[in-house]
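The block underneath contains the structure these notes are about, expressed in structure tokens.
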Amino acid sequence: MEDKPRLEVLTTPSNYDGVRLQTENAIVKNRDSFNFKMSEFPHMEVAIETLKKGTGDLLAMSINQWKSMDVEGLKICAFLARREPTWVLVADDKPEYLPFGAKIICEKELIKRQLLRMREDLTINRLDESVEAKSLNYDLNEIGVEEELEMLEQLRNEKLIDGYVISRGKFSQIKSRVRRHTLGMQREKPSQEFERSKFISPPLEGFTVLVSREGFPITMISDLNDIAAQTCYHIENAIYESLSDELRQISGLFVEQKKLSTILKQYVKLIDESYALKIGENYLIPSAKKGRDSRTKWSPSKDVIPGPRICIYFEVLSENSDVSLEMVRIEPISESKFERGKNVFIQEIKFLVDLLQQDHDELKRVISGLPEEYNSAKPGLLKL
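According to the numbering used here, the sequence shown holds residues 128 to 511 in order.
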């Protein structure tokens, strides 16, 4: 009987990002295929230097750590399945039902603008702003993540704030039982598609990678690699890198892989909630004919490219949250057709953002039926 390959995986204590827990789960899931040894180091910098010096085979880290630390001489050799990238609101009620003028603590500028777009009456501040405004006796430079979470929960219990927004990784570390509300893109019912605000997540959230030294045989751990997560990262990162520094902080960006039938079910339900997509009806087009019960008739289409799709979601919000630009693009995976779609998407973002920021000169031509102020000069719509 052939011995299982031996792999030493380097890790660090939980960084409140979900990487450690996901790595442990991946090891347990694949222990029949590999002989794993897990070694823990106190800090990511120490683990990186240890790997570079030849100790260990793989190092687990988040993609944000990969992009921000000195990883010269290392390479990404596997992606684990993407974790849920959305953030959560810890509060007694959903954001729709919070009291008027509710006080929320949120560190992410993007999510702050998304919440204000949903409800302009909310009062949203960073933690340091709230501590300073309430003259609280806290030194934020001296506390860790665990103490920060305890402080946030204490402020909420004392009714000084109504809620706070944190990542899912941080939420998993809260010891007490609290209510959380996902700030995501899901809709419980098709009719909510245009009624509830979307919260497209900040870019590059939820990616866990296994890193090795140059020369490591990647084919050895091909079973550990999640192809969908790898593809979505390369697309999402290419779009993210194309954005200006200013846009990166205020843009929502999410790329996912979906089955074609899943996409069709969503949009068919938007048109006709009574229609149930049957097994095998993967490629449908609406028919002009109506049945006796007035439901839309759907017929199979032979022109649709089969296979899963890459779905790209992007949005950017103005400083006052009164103007937002949302874009969605869906491309087939077959023959890497999404590559062209990605490049077009990057060009469209730049074009539309520039267009929305342009000032409008006064119109010389009088347009019948419109008020006089329509012809006046106006500033650009999108104030970043």
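Each residue gets a CB set at the ideal place from its N, CA and C atoms; glycine is no exception. This structure is a prediction, so every number in the text was calculated from the model and none was measured.
- Check the Cα spacing between residue 482 and each of 276, 451, 490, 508: the tightest is with 508.
- Taking a contact to require three or more Cβ pairs closer than 8 Å, the region 331 to 350 and the region 185 to 197 qualify as touching.
- In this structure, DSSP gives residue 171 a helical state, which the three-state scheme calls helix.
- Nearest Cα to residue 291 within the set 329, 474, 179, 214: 214.
- Straight across, the Cα-Cα distance linking residue 374 with residue 476 is about 11 Å.
- Collapsing the DSSP output to three states places residue 434 in coil.
- Around the beta-carbon of residue 138, 16 or more other beta-carbon atoms lie within 10 Å, marking it buried.
- With a minimum length of 3 residues, the unbroken runs of beta strand (DSSP E) contained wholly in the region 143 to 171 fall at 162 to 167.
- Scanning its chain for C-beta atoms nearer than 7 Å, with the 5 sequence neighbours on each side dropped, one finds around residue 154 the residues 136, 163, 165, in chain order.
- At the C-beta level, residue 325 and residue 442 come within 9 Å of one another.
- Counting the other Cβ atoms within 10 Å of the Cβ of residue 197 gives fewer than 16, which makes it exposed.
- Residue 252 carries a strand assignment under DSSP once its states are collapsed to helix, strand and coil.
- In the DSSP assignment, residue 135 falls within the beta strand (DSSP E) that extends over 133 to 138.
- Counting C-beta atoms within 10 angstroms of its own C-beta, residue 368 has fewer than 16 neighbours from the protein chains shown and is therefore classed as exposed.
- With contacts defined as CB atoms closer than 9 Å, residue 452 and residue 480 qualify as a contacting pair.
- A Cβ-Cβ separation of about 17 Å leaves residue 256 out of contact with residue 376 under the 8 Å criterion.
- With a minimum length of 4 residues, the unbroken runs of alpha helix (DSSP H) contained wholly in the region 340 to 391 fall at 354 to 369, 372 to 375.
- Per the C-alpha coordinates, the member of 344, 225, 146, 279 positioned closest to residue 308 is 225.
- The Cβ neighbour count for residue 217, taken over all protein chains shown within 10 Å, is at least 16; the residue is labelled buried.
- For residue 469, the uninterrupted alpha helix (DSSP H) segment begins and ends at 464 to 484.
- Counting along the chain, residue 452 sits inside no alpha helix (DSSP H); it lies in the beta strand (DSSP E) bounded by residues 451 to 459.
- Look at residue 206 here: in three-state DSSP terms it is strand.
- Each residue's CA atom was taken as its position, placing residue 484 and residue 506 some 8 Å apart.
- Collapsing the DSSP output to three states places residue 296 in a helix.
- Residue 307: member of the beta strand (DSSP E) spanning 307 to 310, first to last residue.
- Apart from sequence neighbours up to five positions away, no residue of its chain approaches residue 247 with a beta-carbon distance below 6 Å.
- For the pair residue 379 and residue 312, the Cα-to-Cα distance works out to about 11 Å.
- In the three-state scheme derived from DSSP, where H, G and I count as helix and E and B as strand, residue 232 is classed as strand.
- Residue 273 and residue 147 have their C-alpha atoms spaced approximately 16 Å apart.
- For residue 189, the enclosing beta strand (DSSP E) stretches over residues 185 to 189.
- Under DSSP, residue 201 shares a beta bridge with 340.
- In this structure, the beta-carbon distance from residue 468 to residue 437 falls below 9 Å.
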